[in-house]
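Engineer: Residues 1 to 178 in full-length UniProt numbering are what the sequence shown lists, from first letter to last. Yeah, the Cβ is synthetic: ideal placement off N, Cα and C, and Gly gets one too. All values derive from a computational prediction rather than experimental measurement. Next up is a structure, given as structure tokens.
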Amino acid sequence: MELMEKTVERHVLFEGAIVTLRRDKAQLINGQVVSREVVEHPGGVAILPLYRDGTVSIVRQFRYPFRQVVTELPAGKLERGEDHRPAALRELEEEVGVRAGELIYLGYLYTSPGFSTEVLHMYLARDLEPGVCHPDDDEFLECERIPFDQLVEQVVSGVICDAKTVALVLKAKAYLGR
Numbered sequence: 001m002e003l004m005e006k007t008v009e010r011h012v013l014f015e016g017a018i019v020t021l022r023r024d025k026a027q028l029i030n031g032q033v034v035s036r037e038v039v040e041h042p043g044g045v046a047i048l049p050l051y052r053d054g055t056v057s058i059v060r061q062f063r064y065p066f067r068q069v070v071t072e073l074p075a076g077k078l079e080r081g082e083d084h085r086p087a088a089l090r091e092l093e094e095e096v097g098v099r100a101g102e103l104i105y106l107g108y109l110y111t112s113p114g115f116s117t118e119v120l121h122m123y124l125a126r127d128l129e130p131g132v133c134h135p136d137d138d139e140f141l142e143c144e145r146i147p148f149d150q151l152v153e154q155v156v157s158g159v160i161c162d163a164k165t166v167a168l169v170l171k172a173k174a175y176l177g178r
């Protein structure tokens, strides 16, 4: 059996600065036609900046959809068509104020494959040197350094529940454990 759905109709409902929302009609394997809502997103990057002393930079920022401050790793949205590696370097300096001598690609993930096209690329940054912190004009965040082991514990215990941070911390832990 080929697990495939054929798009038979596309209708753009909304085009915003970050996302486009579509309602498609898709034909299933059995011939039935169903609605599919799709959020088109240009993708993003997340970076785990690991210092020589074993600490990691985390950021805290207010996340409007949840109406609360969320603790997460530095991250950012890709511009349409932008390569993810330079974007990771840019976001690292913008949010944390450091430059990476070594940037290790740890793969990507689909953030919400049931409805979104967003692909998030994950990096481990090492050999960090001071740069210039310059967040975007609409970006307000607090940066803090904590021990990597403490960050792992916060992820495992559920204190940190940001998906990109959870995935990247566990990937980095596995990579560093090799």
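Under DSSP, the beta strand (DSSP E) around D24 begins and ends at which residues?
Structural biologist: Along the sequence shown, read from residue 1 onward, the residue named residue 24 stands at position 24. 20 to 27 is the span of the beta strand (DSSP E), which, as asked, contains D24.
Engineer: Using a Cβ-Cβ cut-off of 6 angstroms (strictly less than) and excluding sequence neighbours within five positions of V96, which residues of its own chain qualify?
Structural biologist: Taking the first residue of the sequence shown as 1, we reach residue 96 at position 96. P49, S57, P74, C143, listed in sequence order.
Engineer: At the 8 angstroms Cβ level, is K171 part of the contact set with chain D, yes or no?
Structural biologist: Looking for chain D here will not work: only one protein chain is present.
Engineer: Nearest by alpha-carbon distance to L92: which of V69, S112, D127 is it?
Structural biologist: Position 92 of the sequence shown, counted from the start, is the residue given in the question as residue 92. Closest by alpha carbon: D127.
Engineer: Sort Q154, D149, C161 by Cα distance to D53 and report the nearest one.
Structural biologist: The sequence position of residue 53 within the sequence shown is 53, counting from 1. Nearest of Q154, D149, C161 to D53, Cα basis: D149.
Engineer: Per DSSP, which residues does H121 bridge with? Please list them.
Structural biologist: On the sequence shown, residue 121 is found 121 positions in, with the first residue counted as 1. According to DSSP, H121 bridges with V45, Y108.
Engineer: Does the distance from the CB of E162 to the CB of V34 come in under 8 angstroms?
Structural biologist: Within the sequence shown, the letter at position 162 stands for residue 162. Within the sequence shown, the letter at position 34 stands for residue 34. One detail in the question is off: residue 162 reads as Asp in this sequence, not Glu. No, the pair does not count as a contact, with Cβ atoms beyond the cut-off.
Engineer: Please list, in chain order, all residues of the same chain as L129 whose beta carbon is under 7 angstroms from its beta carbon, the five residues on each side excluded.
Structural biologist: Within the sequence shown, numbered from 1, the residue matching residue 129 stands at position 129. Inspection of the sequence shows that residue 129 is occupied by Glu rather than by Leu. Result list for E129: V98, R99, G101, in chain order.
Engineer: Going by Cα to Cα distance, which pick from L103, V12, R23, A125 is closest to T55?
Structural biologist: Within the sequence shown, the letter at position 55 stands for residue 55. Selected option, being the one with the closest Cα: A125.
Engineer: Find out if the Cβ-Cβ distance for the pair H41, S116 is shorter than 8 angstroms.
Structural biologist: As a first step, residue 41 is located in the sequence shown; it is residue number 41 there, counting from the start. As a first step, residue 116 is located in the sequence shown; it is residue number 116 there, counting from the start. Their beta carbons are under 8 angstroms apart, which means H41 touches S116 by this criterion.
Engineer: When the Cα atoms are used, what is the spatial distance from K173 to Y51?
Structural biologist: By one-based count along the sequence shown, residue 173 stands at place 173. By one-based count along the sequence shown, residue 51 stands at place 51. Cα to Cα, the separation comes out at about 14 angstroms.
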